[in-house]
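Chains as they are written, first to last, in the working numbering: chain A, 1 to 215; chain B, 216 to 430.
Everything below concerns the one structure shown next.
Protein chains: 2
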Amino acid sequence: VVLTNADVDHVAGLLSLREGQPFRLIALPPVHASVRASAIFEVLAPEVVERSIVGPGERIEAAGLAIELFPVPGKAPLYQEGPDLRIGGETGETTGVLVTHDGRQLAYVPGCAQLSPSVLDRIAEADVLLFDGTLFTDDEMIAAGVGSKTGRRMGHIPISGPEGSLATLRQLKAARKIYIHINNTNPVLVEGSPERRVVEAAGFEVAHDGMEIAL
Amino acid sequence: VVLTNADVDHVAGLLSLREGQPFRLIALPPVHASVRASAIFEVLAPEVVERSIVGPGERIEAAGLAIELFPVPGKAPLYQEGPDLRIGGETGETTGVLVTHDGRQLAYVPGCAQLSPSVLDRIAEADVLLFDGTLFTDDEMIAAGVGSKTGRRMGHIPISGPEGSLATLRQLKAARKIYIHINNTNPVLVEGSPERRVVEAAGFEVAHDGMEIAL
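Here it is as C-alpha cells:
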C-alpha cells in the first residue's frame, strides 16, 4: 500500500485491511506521522504491517515495481489543518508516485495544488500520467451550492483556465494522460458534456471504476 | 449517532459522514475519549457535529426517542489494548443502549463479554432485545482457522453452552429477541443450519441486512 497523503479518502480504506492482513505501508515521513496521529490505525498490527518510511526521491522495490515518492504542492490533511495552514508547500504531506517497470514509467499524482517546476520535472518522462482532476473550475463546488471551498483551498489545481492543469499537461509527451480523483461536481464525468469533449480533444482520458492500465 | 463503543466497526462509518453533515455524536466519556485519540475524526467539524457526552444511566432525548447508555462487561478498543488489558470490566468502554418511546423499550447490546447482574437488570424490561451474537461457540474462529482469539478474548459472550447468552436470555420476557453483530464464522447465519434451528426454537431471530423493527 502506497500512500500519497493522509486525507480520509486515502487512508480510511486501511481500516478494511485490519487485523491479520500482512502488507507494507509505504509513505514519506509526514504521511506516516499523520497516520500515527490516529490511534485507530494501530489496528494495523506491527507483526503483520511493516511501516516502510521512505525519503523523497528514494527508489524502493515493491511488488516487482520500482516505486519513488516525491513531494508536490499540497497541504496538511483536512483533519490536521491548523490556524497556520499553508497551502502549496512541497512539504511531503502531499506526494506523487513514480512507478517504473522494464524502462516504462507511470506517474500517479492524485492531489496537486500547483504545477511547480519540480513537479513538471518529475512527471516529464512518464509514459502514463494519472493526474488530479478534482475540479474542472476552481469555484465549481461553490457554484453548485455543495461547499464553501475553492479547489485551490482544498489543495487541487483546476483542470480549466490559463493556470489550469490541462493547458500545461497537454504539452507533456506521455502516451496516455488520465484524469483521476474526480469530484462528483466535475462535469467531465458526464460523457458527451462540453467539458468532457474539451479534455478528450486535448488527448486526455477520464478514469472510471474498474479501469485497468497496462504499462 | 449513538456509539456503544469505539472499535473500528462502530466508528469507521463516521468518516463517511464527514465535512458538513450536521449530527450529534452521543456516547459515554470513555468512548468519546477513544474517538478523540484519533486525529482523523477531527473531520467531524465542531461547527456541525455536537459531541454529546452523557453519563451512564443518564436519559437524554434524541430524534424523538429517550436514549440511555449503560456500561456492560467489555474492554478497550482493539487499537488501544495495552499490556494491562482487562476484559469484562464495566468501565463504559463498551455499552448498551435503552431506547424508549411511548412506554415501549428497545435494548441494543452489540458487544457484551458477560451477562452480569447489572446487564440483566438493565435489559429485563425490554420489549425488543438486540443482543451480541458474534460467535456461536467461543473457539469457533480458531476452529475455522481464521483467527487466534476466542470470543471472550474479543469481549463477546458466545451464544451456546451453559454459560452462553441463549441459556440466560431465553428466560427474559421480551416479545422479540434478535441476535445482531454476527461474525461470518457463525453458523446461525446459515438458514436451516442446526445452530440456526437452536436459536429459532428458543424464540430468537437472526438479524439481516435491511431489517426494520417497529417498536
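All C-beta atoms in this analysis are idealised placements derived from N, C-alpha and C, irrespective of residue type, glycine included.
| Given Pro56/A, which residues of its chain have a CB within under 7 Å of its CB, disregarding the five upstream and five downstream residues? | Leu28, Leu69, Phe70, Pro71, Gly92
* **Val97/A, DSSP secondary structure in three states** => DSSP places Val97/A in strand when its eight states are reduced to three.
* Cβ contact check for the stretch 226-238 of chain B and the stretch 377-386 of chain B: 3 or more pairs under 8 Å -> Three or more beta-carbon pairs separated by less than 8 Å are not found between the stretch 226-238 of chain B and the stretch 377-386 of chain B, which leaves the two stretches without contact.
Paired residues, beta bridge with Gly304/B - DSSP: Gly289/B
Could you tell me the alpha carbon to alpha carbon distance between Pro347/B and Val312/B, rounded to whole angstroms? Here the sequence assigns Asp to residue 347/B, which means Pro is not the residue at that position. Those two C-alpha atoms are separated by around 12 Å.
> What is the DSSP secondary structure of Glu58/A, counted as helix, strand or coil?
Replying inline: coil
**Item:** Helix, strand or coil at Phe256/B [DSSP, three-state]
**Value:** helix
Fill in: As assigned by DSSP and simplified to three states, the class of Glu140/A
helix
Do you know offhand how far Val43/A's Cα is from Tyr294/B's?
-> 5 Å
**Report entry** Sequence-distant residues of its chain with Cβ nearer than 8 Å to Pro194/A (five each side left out)
**Finding:** Pro187
Query raised in the report: Shorter than 8 Å from the beta carbon of Leu15/A to some beta carbon of chain B?
Result: With its beta carbon less than 8 Å from one in chain B, Leu15/A belongs to the interface.
Leu232/B bridges to which residues according to DSSP? Beta-bridge pairing links Leu232/B to no other residue.
**Prompt:** Excluding sequence positions up to five away, which residues of its chain have a Cβ less than 8 Å from the Cβ of Leu240/B?
**Reply:** Val216, Leu218, Leu229, His247, Val250, Leu259, Val264, Glu265, Arg266, Ser267
Interface residues of the stretch 178-203 of chain A facing chain B [CB-CB below 9 Å]
If the cut-off is 9 Å between Cβ atoms, the stretch 178-203 of chain A has nothing near chain B.
query = With distances taken between CB atoms, is the gap from Ala113/A to Ile178/A smaller than 8 Å?
reply = no
request  = Report all residues from its chain with a CB closer than 8 Å to the CB of Gly20/A; omit the five preceding and five following residues, and keep chain order.
outcome  = Ala45, Val48
For the structure I just gave you, are there three or more beta carbon pairs, one from the stretch 116-135 of chain A and one from the stretch 99-106 of chain A, closer than 8 Å? yes
>> Counting only Cβ pairs nearer than 8 Å, list the residues of chain B close to Ala80/A.
In response: For clarity, residue 80/A is Gln in the given sequence; the question names Ala instead. Those within 8 Å of Gln80/A in chain B are Ala254, Glu257.
For the beta strand (DSSP E) containing Asp132/A, list its first residue and its last residue.
-> Here the beta strand (DSSP E) through Asp132/A covers 128-132.
- Message: For a cutoff of 8 Å on Cβ pairs, would you count Ala12/A as touching chain B?
- Response: Chain B contact via Cβ: present.
Query raised in the report: If the cut is a Cβ gap below 7 Å, which residues of chain A does Val223/B touch?
Result: Leu15, Arg18, Ile40, Val43
Exercise for review: Report the three-state DSSP secondary structure of Arg170/A (helix, strand or coil).
Suggested key: coil
**OP:** Count the other CB atoms, across all protein chains shown, that sit within 10 Å of the CB of Arg122/A; report buried if there are 16 or more and exposed otherwise.
**Re:** buried
Would you give the residue range spanned by the alpha helix (DSSP H) that Leu335/B belongs to?
Unbroken alpha helix (DSSP H) run through Leu335/B: 332-338.
Notebook entry, point to check: Under the three-state reduction of DSSP, which class applies to Leu280/B: helix, strand or coil?
Noted result: strand
Checklist entry - In angstroms, rounded to a whole number, what distance separates the CA positions of Leu115/A and Leu135/A? => result 15 Å
Practice prompt. Report all residues from its chain with a CB closer than 7 Å to the CB of Ser148/A; omit the five preceding and five following residues, and keep chain order.
Written response: Ile142
**Study point:** Ile282/B vs Val314/B beta-carbon contact at 8 Å
**Key:** yes
Contacting residues, own chain, Cβ-Cβ under 6 Å from Lys75/A (five flanking each side not counted)
Ile87, Gly155
TODO: Could you tell me which residues DSSP puts in a beta bridge with Glu200/A?
DONE: According to DSSP, Glu200/A bridges with nothing at all.
(message) If I follow the unbroken beta strand (DSSP E) through Val8/A, where does it start and stop?
(response) Premise fails: Val8/A lies in the alpha helix (DSSP H), 8-11, not in any beta strand (DSSP E).
### Query
From Gly145/A to Val414/B, what distance separates their C-alpha atoms?
The alpha-carbon atoms of Gly145/A and Val414/B are separated by roughly 51 Å.
Where Leu65/A and Leu215/A are concerned, what is the direct C-alpha to C-alpha distance, given to the nearest angstrom? Rounded to whole angstroms, Leu65/A to Leu215/A spans 11 Å at the Cα level.
Whole-Å CB distance - Val8/A paired with Ile255/B, under 8 Å assumed: 6 Å
Margin query: Short of 6 Å in beta carbon distance, which residues of its chain neighbour Pro22/A, apart from the five on each side in sequence? Order them along the chain.
Written below: Val48
If you run the structure through DSSP and keep just helix, strand and coil, what is Leu106/A?
-> strand
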